[in-house]
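> The numbering of the sequence shown is the working numbering, which starts it at 8 and goes up by one.
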Amino acid sequence: DGVSVALRWSQCRLEMESVSPSDGVSVAFRWSQCCVQMESVSP
């Protein structure tokens, strides 16, 4: 479901943007987890 995937992507982006950038490593790790999660969703 393309709409579902797009919604999850937007939720992920909002979650990542709300993370304080003080710890770059933590943010990068969460971003990678998010991307892997999104890629595992059936398009």
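A virtual CB, placed ideally from N, CA and C, is assigned to each residue, including glycine.
1. May I have the straight-line CA-CA distance separating residue 37 from residue 8, to the nearest angstrom?
2. Would DSSP call residue 25 helix, strand or coil?
3. Roughly how many whole angstroms lie between the Cα atoms of residue 31 and residue 10?
4. With respect to the alpha helix (DSSP H) encompassing residue 33, which residues constitute its N-terminal and C-terminal limits?
Let me lay it out:
1. 24 Å
2. coil
3. 30 Å
4. 31-46
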